[in-house]
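Using our numbering, read the sequence shown as starting at 101 and increasing by one per residue. By construction, the Cβ of each residue, glycine as well, lies at the ideal position given by its N, Cα and C atoms.
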Amino acid sequence: MQTHSSRSVGSSPLTKKVPFLDLRVSDEGARQRLLGAVDRVLRHGRLILGPEVVEIEKRVASLCDRRYAVGVNSGTDALFLALKSLDVGPGDEVITTSLSWVATANAIALTKATPVFADIGDDLNIHPDSVRRLVTSKTKAVVPVDYTGKVCQMGPLRAIAQEHGIKIVEDAAQAFGATHHGRPAGSFGELASFSMNPMKVFAACGEAGMIVTDDPGLSERLIILRYNGTVNKEVCNEPSLNARLDTIQAAMLLERLSEVEEIIHLRRQIAEQYSKGLAGVVTVPHERAGDRDVYYTYTIQTDARDGLKTYLEEHGIETKIQHPFLMPDQPAFLENVSGEFTNARRIVKRILCLPIHEKLDTEDVDYVIGCVRDFVARL
Ligand SMILES: *Cc1c(COP(=O)(O)O)cnc(C)c1O
């Protein structure tokens, strides 16, 4: 309260620093557990595809209600290999959202299929009506991205996919632990891909990713694809990458897995605090009844986005725009870009991600809320 009134007077320049992310492992217990995990791997020496890889695959598959999980070295490779396992290639079209980290479009383009960019809804996720309009006889797959940690409207998407014989590959990179109609992120579609890079809600201490599926054939194909397209490590069936998950990262992921529920709980608490403090001030994220969003980002929308970002920076609050460019507006995709993104073009100028990592305390969040409110009050 004291800080609030002094700030609104504007006499005392507050120096509170609120970083967007802090990847240091500062909890001593957690640090020791991670070091212990690394030490066990160094001692048994199975540094590639060791027992920890098998174990984390089992655990993730089970948490996603899936029969199989294949560990790989990034979310980008996870999505690329998932598409490859479906024989997506030249001449095919793959419909995806306009608003995602560019890795999504890259994974499609690297298969030599053509990415087709669909519009988004106010929830920032791909809009099923737009997908329906973009389906052609060449459409082979749809890649819905569970953006910000919110699962897409999978019912309508599945209806479209079934009607047209299209596969769904869920890019669940941001949504580990989220649920939709009681079902976990990663459980929708023929395949789903995850990233466990250090920024994600369920994070390794380096690059990591995973693909999940119920199809034994796809799982087998993925195991071949993740190691140079080889069977039994020697006979090469088809050219591919080396995309295996490191045992050390798998071991650290196993340790981190026990913390994920607590991390999600804390993020959801922060989101609730933000939403209470900012409803009616800016557009806040909305969670559908019965769903559980995990808030990879807490993304607000306002026409005064750029001014607000500067104002928050001046007050020590680090924010990010995820992402400032739509994927179809990236130089890499500008040529021959196709799709529809009217709503996305409007929304992308309005989005701003507030800090929501689990090291923030109630006062940090109140401080951010206060600053946003002060800025908007002065407009
Ligand atoms: C992080 C991310 C990826 C890529 O994952 P990496 O592990 O960084 O390669 C893909 N799609 C989305 C939506 C992401 O957020």
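Check whether the stretch 387–405 and the stretch 249–256 are in contact - that is, three or more C-beta pairs closer than 8 Å. yes
Let me know if Asp219 comes out buried or exposed under the rule of 16 or more other beta-carbons within 10 Å of its beta-carbon. Around the beta-carbon of Asp219, 16 or more other beta-carbon atoms lie within 10 Å, marking it buried.
Ser198 (DSSP reduced to helix, strand or coil): coil
Once you ignore the five residues that flank Glu440 on each side, which residues in its own chain have a CB closer than 8 Å to its CB? Phe217, Ala218, Asp219, Ser230, Arg233, Leu234
Our contact map puts Val245 next to Ile208 with C-beta atoms below 8 Å; I'd like the distance itself, whole angstroms only. So it is not a contact: roughly 11 Å between Cβ atoms.
Which residue wins for smallest C-alpha separation from Phe302, given the options Lys212, Ala350, Ile195? Ala350
The beta strand (DSSP E) that contains Tyr168, what's its start and end? 168–172
In the DSSP assignment, find the unbroken beta strand (DSSP E) run with Met310 in it and report its ends. 309–313
Could you pull out every unbroken beta strand (DSSP E) segment of at least 3 residues lying fully inside the stretch 260–285, listed in chain order? 267–271
Taking 7 Å as the cut-off, is the beta-carbon of Ser174 closer than that to any non-hydrogen atom of ligand 1? yes
Please state whether DSSP places Val118 in a helix, a strand or coil. strand
Does the stretch 460–471 come into contact with the stretch 369–384, if we say contact requires no fewer than three beta-carbon pairs (one atom in each stretch) closer than 8 Å? The stretch 460–471 makes contact with the stretch 369–384: 3 or more CB pairs, one atom from each, lie closer than 8 Å.
Is it the case that the Cβ atoms of His289 and Val269 are separated by a distance below 8 Å? This sequence places Gly at residue 289; His is not what is there. Closer than 8 Å, so yes.
What is the rounded straight-line gap between the Cα of Leu479 and the Cα of Ser293? If I take the Cα positions, the gap works out to 42 Å.
Since Gly150 and Thr410 should fall inside the 8 Å C-beta cutoff, what is the C-beta to C-beta distance between them, to a whole number of angstroms? The Cβ separation is near 48 Å, so there is no contact.
Runs of alpha helix (DSSP H) wholly within the stretch 399–476 (minimum 4 residues, chain order): Within the stretch 399–476, the complete alpha helix (DSSP H) runs of at least 4 residues are 405–414, 431–434, 442–447.
Under three-state DSSP, which class holds Ala130? helix
Below 8 Å between beta carbons: does that hold for Ala213 and Ser295? no
Check whether the stretch 193–201 touches the stretch 323–330, counting contact only when three or more Cβ pairs, one atom from each stretch, lie closer than 8 Å. no
Selected residue, minimal CA-CA separation from Val360, among Pro119, Arg473, Leu163: Leu163
With H, G and I counted as helix, E and B as strand and the rest as coil, what does DSSP make of Lys212? coil
In three-state terms, what does DSSP make of Asp346? strand
For Ser111, count neighbouring Cβ atoms within 10 angstroms of its own Cβ and tell me buried if that reaches 16, exposed if not. Here Ser111 scores only 40 on pLDDT, less than 50, and its place in the model should not be relied on; the value that follows carries that caveat. Here Ser111 is exposed, its C-beta having fewer than 16 other C-beta atoms within 10 Å.
Option nearest His264 by Cα separation, candidates Ala272, Ala241, Ala273: Ala241
Leu354 versus Leu186, Pro284, Arg140, residue with shortest Cα-Cα distance: Ranked by how close their Cα comes to the Cα of Leu354, the residues Leu186, Pro284, Arg140 have Arg140 in first place.
Return yes when the C-beta of Ala261 is under 7 Å from any heavy atom of ligand 1, and no when it is not. no
For a test of the three-state rule: what should DSSP assign to Arg392, helix, strand or coil? When secondary structure is reduced to three states using DSSP, Arg392 falls in the strand class.
Measuring straight from C-alpha to C-alpha, what distance separates Arg473 and Val465? 12 Å
How is the beta strand (DSSP E) around Ser319 delimited, first residue to last? Where Ser319 is concerned, there is no enclosing beta strand (DSSP E), although the alpha helix (DSSP H) it sits in stretches over 316–325.
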